[in-house]
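Protein chains in written order, with my numbering: chain C, 1 to 237; chain X, 1001 to 1255. C-beta atoms are modelled at their ideal positions from N, C-alpha and C, and glycine is treated no differently. I have placed the structure first, in the form of structure tokens, so that the comments after it can refer back to it.
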């Protein structure tokens, strides 16, 4: 569970997040959407502790992100662009992150690792990998430690159709286990089967926070993308 | 505990630039030391090269490495690791890899073709300069998000300590030559890590003729043994201050 209270984030004079109050419950998968520069990434970075939280607070499973870094044990994160030390192999990269977590081998969730067949290219150096393969490594790392909260930043960008299908199924499976999944994406058509809640942001504020069913009935649409477009049209005077 | 440092260390060792750097140092040291049968003279020639090359490569390479690792640092930060620990690990990984490169490149030829007695101070200052300029690199790369600006700052830092600083010192000496400024000069000379490294080696080789003005004053004031002790302390301060500043900045930084 993530609870965001009165979060305001400023970069110099620019206000990236403005008094955001929001609550994400376990067992949901939430889509964070909004135009470029609306504060999605800033919000995610605040949750992850990449951005320093000053005004307001974020509680992850009732622990404030300001107090201790150990709350991140419960979070798996897949960045939009993963870049890893060039000369490390896939095996070494995964091993290194494993070392930082100290989770015993049999608790690891290696399902994606096997589905992506990464073990056959374990000795390849990160520098030689294509963008899609690097994304696969990032995805594996996000799910590997069985975290209760999984944050995915544009997860399917760069993945081939097969891999993105695997990832989608994994996301649905983990959600059904009662985990909280947060996804940002521009590919609205991809979200239909995965997402149960929609958060629409603009200019640092949360405009809409609704469950998908509510949104659909309210907007009288059948697809998430259509409802979003109708919101966008309303916003323009 | 320092697992990340270990992985970064091995990652850098496989880096082509570092391999080339090691090879370059080795060839230079080997040829300089092989050319001259007088160990002291050969060490001095090598000293001048080391004083230019080691800081330059250390600061530029480390700056670029930190910038290239920015997304990787973000990923590490999303793991349950304290911020400070990540930054410290990067520092340890970078500096230990550069130290090893220096020891292989310069230390081995010194042991082979010269003697540890004449060469040990050179080995020490090479190691210290590697670490000091890695610390500078971490400070300049945390200061700005823009990679070009960061590298620019790094080059300037190198240029300042390697060339400009001595120039300023010389001007001051001539301008105020009528006044008793030896104490101030010695202090000023000691502030520059590269200048201090030179003095350190010359003190150990015990050749006053080569010390130059500030070095001679330095020796006069601190003596050989004491001077070396003090130089070491100052060099350590030069490691600690830039790194701690960058550490504090990193802890507050929005990535």
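Integer Cβ distance of residue i from residue j, believed to fall under 8 angstroms
i, j, result
"residue 1102/X", "residue 1126/X", "5 angstroms"
"residue 154/C", "residue 185/C", "6 angstroms"
"residue 1024/X", "residue 1122/X", "Wrong, their Cβ atoms sit about 16 angstroms apart, outside the cutoff."
"residue 209/C", "residue 47/C", "So it is not a contact: roughly 16 angstroms between Cβ atoms."
"residue 57/C", "residue 5/C", "5 angstroms"
"residue 85/C", "residue 126/C", "7 angstroms"
"residue 180/C", "residue 1/C", "7 angstroms"
"residue 201/C", "residue 1011/X", "Contact flag wrong, Cβ pair sits at about 37 angstroms."
"residue 199/C", "residue 32/C", "5 angstroms"
"residue 97/C", "residue 141/C", "6 angstroms"
"residue 59/C", "residue 107/C", "Residue 59/C to residue 107/C, Cβ: 25 angstroms. No contact."
"residue 75/C", "residue 149/C", "5 angstroms"
"residue 29/C", "residue 164/C", "In fact, because the Cβ distance is near 15 angstroms, the residues do not count as touching under 8 angstroms."
"residue 1344/X", "residue 1013/X", "In the structure as shown, chain X starts at 1001 and stops at 1255, and residue 1344/X therefore has no counterpart that could be examined."
"residue 1043/X", "residue 1114/X", "6 angstroms"
"residue 1075/X", "residue 82/C", "7 angstroms"
"residue 962/X", "residue 1154/X", "Past the edges of chain X, shown from 1001 to 1255, lies residue 962/X, and the structure says nothing about it."
"residue 118/C", "residue 90/C", "6 angstroms"
Contact list for residue i against chain B, beta-carbon separation under 7 angstroms
i, result
"residue 96/C", "Here the protein chains are C and X, and chain B is not one of them."
Counted within 10 angstroms of its Cβ, other Cβ atoms place residue i as buried (16 or more) or exposed
i, result
"residue 1233/X", "exposed"
"residue 1180/X", "exposed"
"residue 116/C", "buried"
"residue 1192/X", "buried"
"residue 235/C", "exposed"
"residue 1001/X", "In this prediction, residue 1001/X scores a pLDDT of 46, lower than 50, which makes its location untrustworthy; no coordinate-derived value is stated."
"residue 1095/X", "buried"
"residue 1117/X", "exposed"
"residue 120/C", "exposed"
"residue 114/C", "exposed"
"residue 1080/X", "buried"
"residue 1057/X", "buried"
"residue 1163/X", "exposed"
"residue 190/C", "buried"
"residue 218/C", "exposed"
"residue 972/X", "Absent from the structure is residue 972/X, since the part of chain X shown begins at 1001 and ends at 1255."
"residue 1248/X", "exposed"
"residue 147/C", "buried"
"residue 128/C", "exposed"
"residue 1246/X", "buried"
"residue 233/C", "exposed"
"residue 224/C", "buried"
"residue 135/C", "buried"
"residue 105/C", "exposed"
"residue 174/C", "buried"
"residue 14/C", "exposed"
"residue 1008/X", "buried"
"residue 1062/X", "buried"
Where residue i falls: helix, strand or coil (DSSP)
i, result
"residue 1/C", "coil"
"residue 128/C", "helix"
"residue 217/C", "helix"
"residue 1205/X", "helix"
"residue 96/C", "helix"
"residue 1115/X", "coil"
"residue 50/C", "coil"
"residue 1141/X", "helix"
"residue 103/C", "coil"
"residue 1255/X", "coil"
"residue 9/C", "strand"
"residue 21/C", "strand"
Contact test: residue i Cβ vs the ligand HEM heavy atom, cutoff 8 angstroms
i, result
"residue 28/C", "Ligands in the displayed structure: none, and consequently the ligand HEM is not present."
Only counting runs of 4 or more residues, tell me where the alpha helix (DSSP H) segments fall wholly within the segment 1028-1111 of chain X, in order along the chain.
1039-1068, 1070-1077, 1083-1102
Report yes or no: do the segment 1075-1094 of chain X and the segment 1129-1140 of chain X share at least 3 C-beta pairs separated by less than 8 angstroms?
yes
Segment contact, 8 angstroms Cβ cut-off, at least three pairs: the segment 1223-1235 of chain X with the segment 1143-1163 of chain X
no
Contact between the segment 63-70 of chain C and the segment 6-22 of chain C: three or more CB pairs below 8 angstroms?
no
Would you list, in sequence order, the uninterrupted alpha helix (DSSP H) runs of no fewer than 4 residues that lie entirely inside the segment 108-166 of chain C?
111-115, 131-144
Can you give, in chain order, each stretch of the beta strand (DSSP E) that sits fully within the segment 171-226 of chain C and has at least 3 residues?
180-184, 197-202, 205-211
In chain order, which beta strand (DSSP E) runs of at least 3 residues are fully inside the segment 1165-1202 of chain X?
none
Would you mind listing the beta strand (DSSP E) stretches within the segment 54-94 of chain C that are 3+ residues and don't spill past its ends, in chain order?
55-60, 75-78
Does the segment 34-41 of chain C come close enough to the segment 91-105 of chain C to have 3 or more Cβ pairs within less than 8 angstroms?
no
Can at least three beta-carbon pairs, one atom from the segment 1026-1040 of chain X and one from the segment 1173-1188 of chain X, be found at a separation below 8 angstroms?
no
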